[in-house]
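K.L.:
Below is a structure I'd like to ask you about.
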Amino acid sequence: MADTAPPLPREKRRQRADEPAPPEARTAAAPHRLTLGQRIKRDRVMLLLTLPGLLYFVVFHYVPLLGYVVAFQDYQPYLGYMHSVWVGFANFSSAFGEPAFWSATFNTLEIALIQLVFFFPIPVALALLLNSIASDRIRRFVQSVVYLPHFIGWVIIVSIFQQILGGAGLLPDVLGGLGLPRYDMMSDPDAFPWLLTLQVAWKDAGWGTIIILAALLNIDRQSYEAAAIDGAGPRRRLWHVTLPGIAPVLILLLILNLGQILSVGFEQILLQRDAVGPDAGEVLDTYVYYHGIKDNDWGVAAAVGLVKAVIGTVLVLGANKFAHRLGHEGVYRGADR
443 MADTAPPLPR EKRRQRADEP APPEARTAAA PHRLTLGQRI KRDRVMLLLT
493 LPGLLYFVVF HYVPLLGYVV AFQDYQPYLG YMHSVWVGFA NFSSAFGEPA
543 FWSATFNTLE IALIQLVFFF PIPVALALLL NSIASDRIRR FVQSVVYLPH
593 FIGWVIIVSI FQQILGGAGL LPDVLGGLGL PRYDMMSDPD AFPWLLTLQV
643 AWKDAGWGTI IILAALLNID RQSYEAAAID GAGPRRRLWH VTLPGIAPVL
693 ILLLILNLGQ ILSVGFEQIL LQRDAVGPDA GEVLDTYVYY HGIKDNDWGV
743 AAAVGLVKAV IGTVLVLGAN KFAHRLGHEG VYRGADR
């Protein structure tokens, strides 16, 4: 029978347990870093699932970017890209020299800022109201009612507003019946930005509400309970629990809206532009449409489109960087996060 070593004293066992592991053990315990090929093999199923979406973006979003070479050419469709004359920045100079371009830019910024200031808070308020409704059945009903207009086309929406606010609509008839002057909001150039904002709010407020409501549901209920125990009332819970909880989503939506600040709804405005005239109804999207499609001035239209894309990209990157400075993630994580 083999001899067994006597047990170590308690102090020796404690000292040996506290000793650091040898380098060989630490190296063996360190996780093995996978190579790129190994990670692709490991995630091959997920990569295959993302392949259709990737192909969609490549074919319909990235490949068309090559068409921006038209902005530097006197493009003629029958000659194509390869044989059209290169003119450098002449198309940009031509666009910047037109008063119509600056008028369209001013109208675009005016509409975008009004919608950003007055429309952006509406989904937030609706989501907070829906989140405070105790009955799930009522909340789902109201949520469906405000969300369904998102699926209605602009042609139908403009027709509905024409029947209500147009010259022969319901509102002028009511005003006339009350002995007041009849008012046609659909053809009032001064009210055009507010009309567009009203239409966008009616159509798309439900879409933003769904996104923000999902963020509200992810807030830990224990945070509200802890705040209530500390004596915080509804307003303080809103300010210190709810708003910080949905702040990342709000910042994300705000950054994305800034990227689209020069695109304010082509179809919606095109349907109503003639009613108020080009001085009030011309925006950059319709400017590009009429120059490129109507006047066959492809180079100027592409130049304006390229300017829009560059400004939108710069705004997104700048706003995202500013969000990082404030400690938020933004659209994507920074290199140091």
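Count along the sequence shown from 1, then add 442; that gives the number in the numbering used here. Where a beta carbon is used, it is the ideal one built from N, C-alpha and C, also for glycine.
1) Fully enclosed by the region 716–773, which alpha helix (DSSP H) runs are 4 residues long or longer?
2) What's the call for F634, buried or exposed, on a 16-neighbour Cβ count within 10 Å?
3) For L704, which option in I693, L692, G619 and L726 has the closest C-alpha, if you only look at C-alpha atoms?
4) Suppose the cutoff is 8 angstroms on Cβ atoms and the five residues either side in sequence are ignored; what does the same chain contact list for G530 look like?
5) Alpha helix (DSSP H) containing D615: first to last residue?
6) Which runs of the alpha helix (DSSP H) at least 4 residues long sit entirely within the region 582–651? Give them in chain order.
7) What residues match up with D516 in a beta bridge as DSSP calls it?
8) Have a look at I580 and G719 and give me their C-alpha separation to the nearest angstrom.
9) Is it right to say V559 is buried, meaning 16 or more other beta carbons lie within 10 angstroms of its own, or is it exposed?
10) CB-CB under 8 angstroms to G723, same chain, minus the five flanking residues each way: which ones, in chain order?
11) Tell me the DSSP secondary structure of R475 in three-state form.
12) What's the C-alpha gap between S536 and V746?
13) Suppose you measure from the CA of A689 to the CA of L658; what does that come to, to the nearest Å?
14) In whole angstroms, what separates the C-alpha of G522 from that of G701?
P.N.:
Here's the rundown:
1) Listed in chain order, they are 720–723, 726–731 and 740–767.
2) Classification of F634: buried, given that the 10 Å Cβ count is 16 or more.
3) Closest option to L704, Cα to Cα, is L726.
4) Result list for G530: F514, in chain order.
5) For D615, the enclosing alpha helix (DSSP H) begins and ends at L612 to G619.
6) Counting whole runs of 4 or more residues, the region 582–651 contains the alpha helix (DSSP H) stretches 596–607 and 612–619.
7) Answer is V527, bridged to D516.
8) When rounded, the distance between both Cα atoms is 44 angstroms.
9) By the beta-carbon neighbour count (other beta carbons within 10 angstroms, threshold 16), V559 is exposed.
10) Same-chain partners within the cutoff: N549, P631, F634, I711, Q714, R715, D716 and A717.
11) Three-state result, R475: coil.
12) Looking at the backbone, the Cα of S536 and that of V746 are separated by about 10 angstroms.
13) Cα-Cα distance, rounded: 10 angstroms.
14) Cα to Cα, G522 sits roughly 31 angstroms from G701.
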